[in-house]
Each structure stands twice: as structure tokens, then as C-alpha cells.
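Residues in the sequence shown are numbered consecutively from 1, following the working numbering. Okay, so here's the structure we're looking at.
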Amino acid sequence: MNIQEAKNIRLVDFLAGFGYKPVIQRGNSVWYKSPFRTEKEASFKV
């Protein structure tokens, strides 16, 4: 894979490949719970 191919991967699809599922989707923003700590509400915005 070259840099241009990597830039074409949607971050949402990349995270889904690792099992991360969005909690909220508003317009172009997708919110996840932090992968680094336990949360009740989403704080990780893509």
C-alpha cells in the first residue's frame, strides 16, 4: 500500500475493521467511546 491508497481509506471503515462501532452519527461527524478508557458517553470524534 502506498500513501495515496492509505489516504483513501475512510477512518470509520478502518476502526470498524478493529471492532470499534460508532455510538452517535451527526452529519459528517461520527462519535465513539474512547478506546483508551471506560466511558458512559462518547467523546472520540471522527
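Where a beta carbon is used, it is the ideal one built from N, C-alpha and C, also for glycine. Being a predicted model, the structure only gives us computed values, none of them experimental.
DSSP beta-bridge partners for residue i?
i: Phe44; result: Tyr32
Assign residue i to one of three DSSP states: helix, strand, or coil.
i: Ile24; result: strand
i: Asn19; result: The amino acid occupying residue 19 in the given sequence is Gly; Asn does not appear at that position. Reduced to three states, the DSSP call for Gly19 is coil.
i: Glu5; result: helix
Rounded to the nearest angstrom, what separates residue i and residue j at their Cα positions?
i: Tyr20; j: Gly27; result: 19 Å
i: Phe44; j: Phe14; result: 15 Å
i: Ser29; j: Lys40; result: 19 Å
Would a C-beta distance cut-off of 9 Å place residue i and residue j closer than the cut-off?
i: Val49; j: Ala6; result: Residue 49 lies beyond the stretch modelled for the chain, which goes from 1 to 46, so this question has no answer here.
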